[in-house]
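Numbering (my numbering), first residue to last: 23 to 165.
Quick reminder that beta carbons are idealized off the backbone N, C-alpha and C, glycines included.
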Amino acid sequence: MGTLKTDIITGLGNVQEVTFVSNKMTGTASGSVTLPGEGGSTTTNLQQGLAKCWTQFNGTSTVATQDSFNQGGLTDNGTGDYTITYTNNMANDDYVASGIGNAAQMAINDSITTSTIRMLVSNSGGTDSDVTIVTVTTHGDLA
């Protein structure tokens, strides 16, 4: 087994395509990379398909992040009411966020900006509630 070290790989036929183990990956000067999707009949864009932010935090007592990616801050606005601040902002406020809390329901508040998202966590009766595990994932375009 050998090691290949290089700064640039250029395809022979189409300079934007390189084949790794029978799978073509296409890249652009802006860093966009596409590759065959599951089943091979479609392509997947790596930047579009990756989560741009995720976090898991304890929403009780003193709110504390357990682990995260691209989360710059976490604010406890009151019972079951939290705001996540992104380290790297989103390109616009049309992104998708989803989340869940243990034994709870979650709703995204109408306070969505390119730099923050606010969420409300409630129990099965619809009452705002602090829970021990809250997870949130954001998909969309970074600025």
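Item	Value
Taking the continuous alpha helix (DSSP H) assigned at GLY71, which residues delimit it?	68 to 71
Do the region 135 to 145 and the region 60 to 68 meet, that is, are 3 or more Cβ pairs less than 8 Å apart?	no
With DSSP as the reference, please indicate the residues paired to GLY121 in a beta bridge.	VAL158
Should the region 88 to 97 be called in touch with the region 124 to 136, which here means at least 3 C-beta pairs below 8 Å?	no
What is the rounded straight-line gap between the Cα of ASN67 and the Cα of SER151?	38 Å
Any idea what DSSP makes of VAL57, helix, strand or coil?	According to the sequence shown, residue 57 is Leu rather than Val. Strand, per DSSP.
Classify ALA113 as helix, strand or coil using the three-state DSSP reduction.	coil
Just mark LYS74 as buried or exposed, buried being the case when its beta carbon has 16 or more other beta carbons within 10 Å.	buried
Have a look at LEU164, VAL55, ILE31 and VAL153 and flag the residue whose alpha-carbon is nearest the alpha-carbon of GLY81.	VAL153
With distances taken from CA atoms, which of LEU72, ASP29, ALA51 and THR160 is nearest VAL118?	THR160
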